[in-house]
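Residue numbers (this note's numbering): -2 to 213.
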């Protein structure tokens, strides 16, 4: 079931969401919507100090986050996503591309809009400068461009024009790879394009911290 070309993964995000305005402040903390996905390695090219990978992913987002919290921790809907990822790494430099299509379903009277996400990342291996042994722990720095364009939602068949839009972040980050099976990472997302539809709150900035563990 599992091999070098095929993997199954689970992403369980823990969120701390804050909303501040002149009149009221809200915050919520807890688990967000969980994602399950399968990844298949479509193309692989390796030679000394250089590698190329192309992979496809498909998965499902489960409504594990509490959408009744204020601010909500999830959407309350079960959604599906399809992804293509490409990576080129040569010596200490890497370039990564990703395109994601999210097919969103309805939650009662609410029909959530579909979305397209697009990511471009430039990576540089800070340590080690030269591998004495491989694999070995490494520290990487990243500069990413992360964008999302979302359709408007509909409630009882009526389009809600103040939802959806386009946002693009510039995201510097750092990553520590402890071995073949786990890593730690953190990044800050700063919006450079912030065009929500209609009249609504815009995103100021976002910080994220995470870990990835390969179980099989």
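Built from N, CA and C at the ideal position, the CB exists for glycine as well.
query	result
Cβ contact (3+ pairs, closer than 8 Å) linking the segment 138 to 148 and the segment 108 to 116	yes
Beta-bridge pairing of residue 81 - partner residues as DSSP gives them	53, 96
Counted within 10 angstroms of its Cβ, other Cβ atoms place residue 176 as buried (16 or more) or exposed	exposed
Cβ-Cβ separation, residue 119 to residue 139 (assumed contact under 8 Å), whole Å	7 Å
Candidates 51, 28, 172, of which the one nearest residue 81 by Cα	51
Local Cβ density within 10 Å of residue 122, reported as buried at 16 or more and exposed below that	buried
Residue 162 classed as buried or exposed, judged by whether at least 16 other C-beta atoms fall within 10 angstroms	buried
Enclosing beta strand (DSSP E) for residue 28 [first to last residue]	22 to 28
Coil, strand or helix - residue 188 by DSSP	strand
Coil, strand or helix - residue 199 by DSSP	coil
Contact set for residue 191: own chain, Cβ-Cβ below 6 Å, skip 5 residues either direction	164, 199
Alpha-carbon spacing of residue 49 relative to residue 23, whole angstroms	45 Å
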